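Notes for the one structure printed next.
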Amino acid sequence: MMVSALASAQSLSGGTGGTSALSSGSSGDFLSLVDSALRGVSDTQNAAAQAESGYAVGASNATLGTALVASDRAEVAWNATVAIRNEVVSAYQSVMSMQF
76 MMVSALASAQ
86 SLSGGTGGTS
96 ALSSGSSGDF
106 LSLVDSALRG
116 VSDTQNAAAQ
126 AESGYAVGAS
136 NATLGTALVA
146 SDRAEVAWNA
156 TVAIRNEVVS
166 AYQSVMSMQF
């Protein structure tokens, strides 16, 4: 479930490499999936910042709608990333509290 949420966050942020890493299943591909998803979130946040600053300075091709949509995409991607991180930490804590 967490991997599918990570892939959803990546697709929201415009990433395209998530499905091939999900299908192969090796740990190296999982790490590359996580890396590309985090880069996608970062790229989405950078695009939102550029759209907002473009609108703020009055660039001819910048519109309020574009800036708002870019900002919302960045917020959704970030919230998904934080939710996934919280689930991973919770799973780690559950495993560490198990008695063998």
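Each number in this note's numbering corresponds to the 1-based position in the sequence shown with 75 added. The C-beta atom is built at its ideal place from N, Cα and C for all residues, glycine as well. Predicted, not measured: the structure shown is a model, and the values here were computed from it.
Asked: Reduced DSSP category for S128 - H, G, I as helix; E, B as strand; rest coil; Found: helix
Asked: Residue range of the unbroken alpha helix (DSSP H) whose run includes A142; Found: L139 to M171
Asked: Cβ contact check for the stretch 129-148 and the stretch 157-175: 3 or more pairs under 8 Å; Found: no
Asked: Under the three-state DSSP convention, the category A112 falls into; Found: helix
Asked: C-alpha gap between V170 and D118, whole angstroms; Found: 33 Å
Asked: Straight-line Cα distance separating A131 from T156; Found: 28 Å
Asked: G133 (DSSP reduced to helix, strand or coil); Found: coil
Asked: Rounded separation between E127 and F105 - CA only; Found: 33 Å
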